[in-house]
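Numbering (the working numbering) for the sequence shown: 27 to 476. Each remark here refers to the structure printed beneath this line.
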Amino acid sequence: MHRDTVTATGADTRRRLPRTDVVLADPRLAGAAGRLGRTLVRSVVARTLERARRGEIPPEAVADAAAAALPGTAGGLRPVINATGVLLHTNLGRAPLSKAAREAMAAACGPTDVELDLATGTRSRRGASAVAALAEAVPPAEAAHVVNNGAAALVLAATALAAGKEIVVSRGEMVEIGDGFRLPDLLVSTGARLREVGTTNRTGAGDYAAAIGPGTGFVLKVHPSNFRVTGFTRSASVAELARLGVPVVADIGSGLLRPEPALPDEPDATGWLRAGASLVTASGDKLLGGPQCGLILGRADLVRRLSRHPLARALRVDKLTLAALEATVRGPATPVHAMLHADPRRLRTRAEDLAAELRGTGIDAHAADSEAAVGGGGAPGVTLPSAAVSLPGEYAARLRRGTPAVLGHVEDGRCLLDLRTVPEEQDADVADAVRRAGRAAGTGPDEGRG
Ligand SMILES: *Cc1c(COP(=O)(O)O)cnc(C)c1O
Numbered sequence: 027m028h029r030d031t032v033t034a035t036g037a038d039t040r041r042r043l044p045r046t047d048v049v050l051a052d053p054r055l056a057g058a059a060g061r062l063g064r065t066l067v068r069s070v071v072a073r074t075l076e077r078a079r080r081g082e083i084p085p086e087a088v089a090d091a092a093a094a095a096l097p098g099t100a101g102g103l104r105p106v107i108n109a110t111g112v113l114l115h116t117n118l119g120r121a122p123l124s125k126a127a128r129e130a131m132a133a134a135c136g137p138t139d140v141e142l143d144l145a146t147g148t149r150s151r152r153g154a155s156a157v158a159a160l161a162e163a164v165p166p167a168e169a170a171h172v173v174n175n176g177a178a179a180l181v182l183a184a185t186a187l188a189a190g191k192e193i194v195v196s197r198g199e200m201v202e203i204g205d206g207f208r209l210p211d212l213l214v215s216t217g218a219r220l221r222e223v224g225t226t227n228r229t230g231a232g233d234y235a236a237a238i239g240p241g242t243g244f245v246l247k248v249h250p251s252n253f254r255v256t257g258f259t260r261s262a263s264v265a266e267l268a269r270l271g272v273p274v275v276a277d278i279g280s281g282l283l284r285p286e287p288a289l290p291d292e293p294d295a296t297g298w299l300r301a302g303a304s305l306v307t308a309s310g311d312k313l314l315g316g317p318q319c320g321l322i323l324g325r326a327d328l329v330r331r332l333s334r335h336p337l338a339r340a341l342r343v344d345k346l347t348l349a350a351l352e353a354t355v356r357g358p359a360t361p362v363h364a365m366l367h368a369d370p371r372r373l374r375t376r377a378e379d380l381a382a383e384l385r386g387t388g389i390d391a392h393a394a395d396s397e398a399a400v401g402g403g404g405a406p407g408v409t410l411p412s413a414a415v416s417l418p419g420e421y422a423a424r425l426r427r428g429t430p431a432v433l434g435h436v437e438d439g440r441c442l443l444d445l446r447t448v449p450e451e452q453d454a455d456v457a458d459a460v461r462r463a464g465r466a467a468g469t470g471p472d473e474g475r476g
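As structure tokens, this is what we get:
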């Protein structure tokens, strides 16, 4: 009897289910095909029909539900509001780009003069103006080159300067950078040999000096960017290494071009080049606040050896990266800079305003103190005082699945949305997202808890 009822309902649903071409003819879906492509719209419609077949939505709602399920773009990457309190979140693509960088990328999307001198009509050096911007921003750099990421910068340096030779490196600087990738493995993969010197906690200039010989390619100094060794420690400064008479390649990691007063322990390209490094390597999408890329700055002869090496072609960056990088270097302060320098009192006020607004719609929200971190392999151990909106723990998953997704973190059973990593102009979007999550949770205005 029960089974018959179910079957009858199923048959009834199937009879009332609209045909695919009828749904596709809905103006919203037909219009979206031009923007997103027919295949993508078709697959959204197919999935929505499947939901109706399973009884999750009524057959009459298929067109509405399909229109609502259309993605914002034809790409699969979805926008996320970073409320984790981690400024450079590797899983969220590290540095958010400035408006200036976004506009420069948009301008470079079509044909652009990335390798052409429009004044003379002849071929020019690829990305010359981005490279010039870097060199201008770092006065002691005679030349600069840009590759795909920080790891590529090291690989290129090792390949061009030390293949078949030795890279002298401290045992205290054999770093794993994340996701199981280790700098020593990366360097050895180029055909260079590692000459490890010193110990985990202590390495002095004398340890390097004793290891240097005719087989030395260069001395490598790596900033321990994602961990800290404290206690009985010693390391050789770049200035000491520069006196050893061989090239010094110094990996600063973070991409700071100049000293950053808020992070006094982070090295910067200008400082380490002034101290005598032959080359500095860094990432573009960490504290520099730009697109993913790897920066190589320093002595003109060495930069040229790297940029003319055959491998350089395999590591070269595209025009969009060059556009965003130049706008980051030349343009106004980046979002990363704004996060780093946000006033904790202002963050607290924003958290209180947001929480009060949400409480007004029946959501259990309050402002809470929080601690933000630089992240992305930068400034380990540094905490930045911050403020968060505290919500019931179950909001975390709902906010993560929303559009836009909002990513917080759960602490002591509460979902904390840290505002240091949220641009102030997105506060209203955060409030909207929490209200939507509240309705989904059944604790929001619709259910009227209060
Ligand atoms: C992040 C980092 C790298 C790797 O840079 P990617 O841009 O992620 O390839 C290398 N060295 C140091 C010191 C770093 O902090």
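Note that the Cβ used here is the ideal one computed from N, Cα and C, for glycine as well. Quick caveat, the model's predicted, so the values are computed rather than measured.
**Study point:** Integer-rounded CB distance, given that L328 should sit under 8 angstroms from L187
**Key:** Taking C-beta atoms under 8 angstroms as the contact rule, L187 and L328 qualify, at a distance of about 7 angstroms.
Review point. So, A398 versus G206, is the Cβ gap smaller than 8 angstroms?
Key: Going by C-beta atoms, A398 is not nearer than 8 angstroms to G206.
Check your understanding: For ligand 1, is there a heavy atom less than 7 angstroms away from the beta-carbon of S309?
Key -> Yes, ligand 1 has a heavy atom inside 7 angstroms of this Cβ.
Review point. How should G136 be labelled, buried or exposed, when 16 other C-beta atoms within 10 angstroms of its C-beta is the threshold for buried?
Key: G136 should be labelled exposed.
Review point. How is D438 classed by DSSP in three states: helix, strand or coil?
Key: DSSP places D438 in the coil class of the three-state scheme, outside both helix and strand.
Practice item. Could you pull the start and end residues of the beta strand (DSSP E) that V67 belongs to? Key: Looking at the DSSP string, V67 is not in any beta strand (DSSP E); the run it does join, the alpha helix (DSSP H), is R64 to R79.
Check your understanding: Sorry if obvious, but does the Cβ on I203 come closer than 7 angstroms to a heavy atom of ligand 1?
Key -> The answer is yes for I203.
Exercise for review: Report the residue from R374, V436, A349 and E450 whose alpha carbon sits nearest the alpha carbon of E141.
Suggested key: The option with the nearest alpha carbon to E141 is A349.
Exercise for review: Kindly confirm or deny that the segment 283-295 and the segment 76-92 touch, where touching means at least three C-beta pairs closer than 8 angstroms.
Suggested key: Touching, no.
Review point. Where does P411 fall in DSSP's three states?
Key: In the structure shown, P411 sits in a strand (DSSP, three-state: E or B).
Practice item. Please report how far the alpha carbon of G176 lies from the alpha carbon of L443, in whole angstroms. Key: Cα to Cα, the separation comes out at about 30 angstroms.
Check your understanding: How is H363 classed by DSSP in three states: helix, strand or coil?
Key -> For H363, the three-state secondary structure derived from DSSP is helix.
Review point. Which ranges would you report for the alpha helix (DSSP H) in the segment 171-196 if only whole runs of at least 4 residues count?
Key: Fully enclosed alpha helix (DSSP H) runs of 4 or longer: 176-188.
Check your understanding: What are the uninterrupted segments assigned as beta strand (DSSP E) that are 3 or more residues long and contained completely in the segment 113-144, given in chain order?
Key -> Taken in chain order, no unbroken stretch of beta strand (DSSP E) lies wholly in the segment 113-144 with a span of 3 residues or more.
Exercise for review: Answer yes or no: the CB of S261 versus the heavy atoms of ligand 1, is any distance below 7 angstroms?
Suggested key: Annotation for S261 indicates a beta carbon at 7 angstroms or more from all heavy atoms of ligand 1.
Check your understanding: In or out: G476 buried (at least 16 other Cβ within 10 Å) or exposed?
Key -> Note that G476 has pLDDT 29, beneath the 50 cutoff, so the model's placement of it is unreliable and no number is given.
Review point. Which ranges does the beta strand (DSSP E) cover as unbroken runs of at least 3 residues, wholly within the segment 210-250, from first to last along the chain?
Key: The qualifying runs are 219-223 and 242-248.
Check your understanding: Taking three-plus beta-carbon pairs below 8 angstroms as touching, is the segment 111-123 in contact with the segment 305-314?
Key -> Yes, the segment 111-123 is in contact with the segment 305-314.
Practice item. For E473, count neighbouring C-beta atoms within 10 Å of its own C-beta (all shown protein chains included) and say buried if the count is 16 or more, exposed if not. Key: At E473 the pLDDT is 38, less than 50, meaning the model places this residue with poor confidence; the figure from the coordinates comes in the next sentence. Within a 10 Å sphere around the beta-carbon of E473 sit fewer than 16 other beta-carbons, which makes this residue exposed.
Practice item. Could you name the residues that DSSP lists as bridge partners for P293? Key: Partner(s): none; P293 has no beta bridge.
Review point. So A167 is in the alpha helix (DSSP H); what residue range does that whole segment cover?
Key: It is not in any alpha helix (DSSP H) - A167 carries neither H nor E in the DSSP assignment.
Review point. Once you ignore the five residues that flank D458 on each side, which residues in its own chain have a CB closer than 6 angstroms to its CB?
Key: Excluding positions up to five away in sequence, the list is empty.
Point to revise | Closest by C-alpha distance to L66, when choosing among G324, A393, G102 and V214 | key: That would be G102, whose Cα lies nearest to the Cα of L66.
Exercise for review: My understanding is that V164 touches L305, with C-beta atoms under 8 angstroms, so please give their C-beta distance in whole angstroms.
Suggested key: Not confirmed; about 12 angstroms, so no contact.
Exercise for review: In the DSSP assignment, find the unbroken alpha helix (DSSP H) run with L348 in it and report its ends.
Suggested key: That run of the alpha helix (DSSP H) goes K345 to R356.
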